[in-house]
Amino acid sequence: MITRSDLPLRVINSSPDAIAKAKARARRSFRQIRTENVFKRTLTIMGLIIIILVLGIMVTLAWQSRLSIAALGPKYLWGKVWDPVQDVYGAWPFLLGTLLTSFLALIISVPFSVSIAIFLGEYHPKGWLPNFLKNAVELIAAVPSVIYGFWGLAVLVPIVRSFESSIGVEPVGVGIFSSSLILAVMIIPYAASLGRSMISLVPSHLKEAAYGLGATRWEVIRSVVLPYTKSGLFAGVLLSLGRALGETMAVTMVIGNTSLIPKNIFSPGNTMASVIANEFTEADKPVYLSALIELGLVLFLVTVVINLIGKKIIDRFTNE
Amino acid sequence: MDGKNVKLRLGKSYGFQWLIYVLAFACLVPLLAILFYIVRAGITKINWHFLVNIPKPVGESGGGIANALVGSTLIIFVAAVIAIPIGIMAGVYLSENRKSRLAYWCRLCTDILQGVPSIVVGIVAYFWLVRPWDIGPIHHKGGFSALSGSAALAIMMLPIIIRSTEETLKLLPDSLKEAALALGMPFHRVIFKVVVPVGISGILSGVMLSVARITGETAPLLFTAFGNPYLSVNIGKPMQSLPLMIFNYATSPYTDWLNLAWGASLILLVWVLLLNIFTKVITRKWKVQL
Amino acid sequence: MESTIIKSRNFNASFGSNHVVKNVNIDIPRNHIIAVMGPSGCGKTTYLRCVNRMHELIPGASCNGEMKLNDEDVYQMHPIFVRLKIGMVFQRPNPFPNLSIYDNVIAGYKLNGIKMPKAERDRIVEQSLTKVALWKEVKDSLNKKGSFLSGGQQQRLCIARTVAMEPEVILFDEPTSALDPISTSTVEELFHELKANYTLIIVTHNMQQAARVSDKTAFFFLGELVEYDETKTMFTNPKDQRTQNYITGRFS
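Residue numbers (the numbering used here), protein chains in the order written: chain A, 1 to 320; chain B, 1 to 290; chain C, 1 to 252.
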């Protein structure tokens, strides 16, 4: 196997000891070449695994919801009644619940996350106080959602209940409003950290040009920084929305879990994620289970689309 | 320009600056409220007894969370064992093949995976790893296992590990790899002995963050690890985990169980916070100066 | 005895559709110092990277033609064997930042998993560092990280790392362009020491350096090998008008 040409020329004319050593080394290299090929193939397989995983998720969801898709058709999406006992499955209450909680949460959280982004990206990029704020925002993202839910149930719900009775709606406490409040806190970090990095990318010559014209700090932010970063901020908001739509535990614990269409933002309801969490292990009929999985499929598709749009915007923004 | 106008504009500028300050720091209020409340409610429940005992049935006071602690540790450990090698290698694959078609799709799938709601991962893991072992027409009859929970969590870890590995390795200079290749090193050794060790702080921080993230995950475990009131170390059987226990006990009406849930929440919170702090320390300490 | 160690015939290299090395024919004699010079973008570095097959690592890069090492086609061998026999030193010093000075010298063995007794390793490290005149400067700080050294020392460390692998040819890609004048002269002195055991091919855009250190010089212009001759002849009596223009500074 080992030919002359595998050995360095200078070794060939030297001692047998050196030749033996060189041969051993060459043999070793041959082994390594084989390992190298195996390794390269393994890497490709790992890349493939990720693709197969995602395709598998899609196929599994689609296949397992086939019963419900076949039995209920598209009107599943706007059916207003969800009554497994009567075999009536309409997803509208959950779609509405999801949209209400997510957008309400978004509306509440955006002013805060944008403020954090401006504070950290523009006013005070360095120092102990911004550092502290940055870590605190990261902490908000780190706290497990089940803890948000528990805290919401124990602390927030009673507060909301007394608030509700003071404004004269039925004082349930749990419901869309409480979920939105909790969600709003939970999604602040996503838009904030993305917005911060986008704002810090604003070229300083643009800002200096505005300052040079005598603009005040706020005018620079409003007419230079925000317009420049608006697509980035929008992407951050989209990613937050994706989070909010898919968030399960905290919402499940404080939303009240009823399959009725919510009458207003204070009434209890259910989101797509929370109804799956609650009823999945109780589904005792194939169609029931399949209808729940179809909810999962819808949720999956919506969040994937939102996330991909957000990512595309970020990519375009950072590559410019 | 008259001075009054300038004064007005400056006043507006300062006004908005203060508004931004107030709104930015307002987010600390709920955070501190949560931390404060969890610590206050949880600290009195935690003692040695609490850590080494399993929960008592309804009506008996006392009991602890040993089963959840053991279960969480085990489930996370197995998830990490599954996800870390796949994640790092896929990340290496992406950083080594920046332009190939397969890499493009792989990157896209990683992005998709990152956005998949955790409950959906739970559903899928249920159909892959619980249902096939389920006896009877529709669940209820078993099949739930800690292993399926670990697999679900591993899926959640993957995109974080892949992304951080890829981003870290992308930032390493080409000269590093060239130096190793010019010494006649085979590709796998270049990766394992040079590229990964130099990028270790970034890769590790991704791994740690992914562990921190799944530590608090509940939704994927609902239909996989399922929960178990007893201490179990058999990964083929249902197993309790901290977040699952908190969810189940927090929504129960019994004071004893609520107390357990508060104690467990504090432990979970401290665990996650320590992981986050630890990540920061490691990232700083193990950073290789280029 | 003067024997040819590297021989190229009709060698071409390109990046995608960009043809950067055109039809190069060259014979490089053993134990000589060959300088490759030319204005930037003339393909000299690309040609050098083709010799030990580093060129193909760049996505989209391709090459064809004959490149022989000791009468054996480099492009028929596995790159690992090629690179074990043809070492390379880069433009910027690139010691492994995670390794100590000692480990950097022995990196080719250590990172390749080649086991050997400690005495042997110590011998290789000392020998290699002595060859690059670095031993005296670093022998008390072998366990420090390589990145603590100065630029010139780092570059010599990189040369030591390459020398430790006992290659037959060492390629230098503008080895002194990132160094200060004093370090440059130290490295240049080194070339003469190394000549006894190795064949050196040095890419440089510095004519004076080519004139100072090399036995033979090749002049590349727009991807072509314009002239290849004894250094003395080349600088005193160039045959091609373009070479003449280059060495008299009419263009750079």
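Don't be surprised by glycine CBs; every beta carbon is placed ideally from N, CA and C.
The structure presented is a predicted model; accordingly, all values stated were derived computationally and were not measured.
query, result
"Note down the Cα distance separating G11(B) from R217(A), rounded to an integer number of angstroms.", "11 Å"
"Could you work out which residue in I176(A), F280(A) and G90(A) is closest to L221(B) when comparing CA atoms only?", "F280(A)"
"Please state whether the Cβ-Cβ distance between I6(C) and V169(C) is less than 8 Å.", "yes"
"Out of F317(A), N319(A) and V298(A), which one is the CA nearest neighbour of S65(A)?", "V298(A)"
"Between which two residues does the alpha helix (DSSP H) holding T162(C) run?", "G151 to A164"
"Once DSSP output is grouped into helix, strand and coil, what is the label at P16(A)?", "helix"
"Quick check on this structure: which residue in T229(A), S193(A) and S162(A) has the alpha carbon closest to the alpha carbon of L24(B)?", "First, the amino acid is wrong: residue 24(B) is Ala here, not Leu. Among T229(A), S193(A) and S162(A), the Cα nearest to that of A24(B) belongs to S193(A)."
"Pop quiz: I160(B) and V54(A) are said to be a contact at Cβ under 8 Å. What is the actual Cβ separation, rounded to whole angstroms?", "Rounded, the Cβ-Cβ distance is 15 Å, inconsistent with contact."
"So, using beta-carbon positions, are V172(A) and G256(A) closer together than 8 Å?", "yes"
"For R316(A), count the other beta carbons within 10 Å of its own beta carbon; 16 or more makes it buried, fewer makes it exposed. Which is it?", "exposed"
"So, at 8 Å on beta carbons, what are the nonlocal neighbours of H124(A) in its own chain, with the 5 sequence-adjacent residues on each side left out?", "P130"
"Could you say if the segment 111-126 of chain A and the segment 21-40 of chain B meet the contact criterion of at least three C-beta pairs nearer than 8 Å?", "yes"
"Chain B partners of L111(C), CB-CB under 7 Å?", "A180, M185, R189, K193 and V194"
"Restricting to runs no shorter than 4 residues, where is the alpha helix (DSSP H) found entirely within the segment 220-301 of chain A?", "226-246, 249-254 and 272-279"
"Determine, for Q289(B), whether the minimum Cβ-Cβ distance to residues of chain C falls below 8 Å.", "yes"
"Which residues in chain C sit within 8 Å of I33(A), going by Cβ to Cβ distance?", "H78 and I80"
"DSSP three-state call for D103(C): helix, strand or coil?", "helix"
"Which residues bound the beta strand (DSSP E) around P29(C)?", "N18 to P29"
"Residues of chain B with a CB under 7 Å from the CB of I51(A): which are they?", "W105, C106 and C109"
"Hey, how far is the Cα of F103(A) from the Cα of V137(A)?", "21 Å"
"Do you know offhand how far A142(A)'s Cα is from M249(A)'s?", "15 Å"
"Let's see if you can read the secondary structure: which residues bound the alpha helix (DSSP H) around M119(C)?", "Reading the sequence as shown, one finds Ala at residue 119(C) and not Met. A119(C) -> alpha helix (DSSP H) spans K118 to K131."
"Using only the alpha-carbon positions, how far apart do H35(B) and E56(C) sit?", "As written in the sequence, residue 35(B) is Leu, which differs from the His given in the question. Between L35(B) and E56(C), the C-alpha separation is close to 56 Å."
"So, helix, strand or coil for K21(A), using DSSP?", "helix"
"Just mark F247(B) as buried or exposed, buried being the case when its beta carbon has 16 or more other beta carbons within 10 Å.", "buried"
"Quick check: what's the CA-CA separation for G41(C) versus I202(C)?", "16 Å"
"Please determine if the segment 269-284 of chain B and the segment 151-165 of chain A are in contact, where contact requires at least 3 C-beta pairs separated by less than 8 Å.", "no"
"Pull up the distance between the alpha-carbon of C106(B) and that of L48(A), whole angstroms please.", "7 Å"
"Output, in chain order, the set of chain C residues within a Cβ distance shorter than 7 Å of K99(B).", "P59"
"Kindly indicate if chain C contains any beta-carbon less than 8 Å away from that of V92(B).", "no"
"In chain C, which residues lie less than 9 Å from L176(B) when you measure between Cβ atoms?", "N94, F96 and P97"
"Given a cut-off of 8 Å on the beta-carbon distance, is the pair N10(C) and E66(C) in contact?", "yes"
"Comparing the C-beta of G65(C) with each C-beta of chain B, is any distance below 8 Å?", "no"
"Could you tell me whether the Cβ of S29(A) comes closer than 8 Å to any Cβ of chain C?", "yes"
"Using the Cα positions of G122(B) and I276(A), report the straight-line distance between them to the nearest angstrom.", "10 Å"
"Please say whether F223(B) and V130(B) have beta carbons closer to each other than 8 Å?", "yes"
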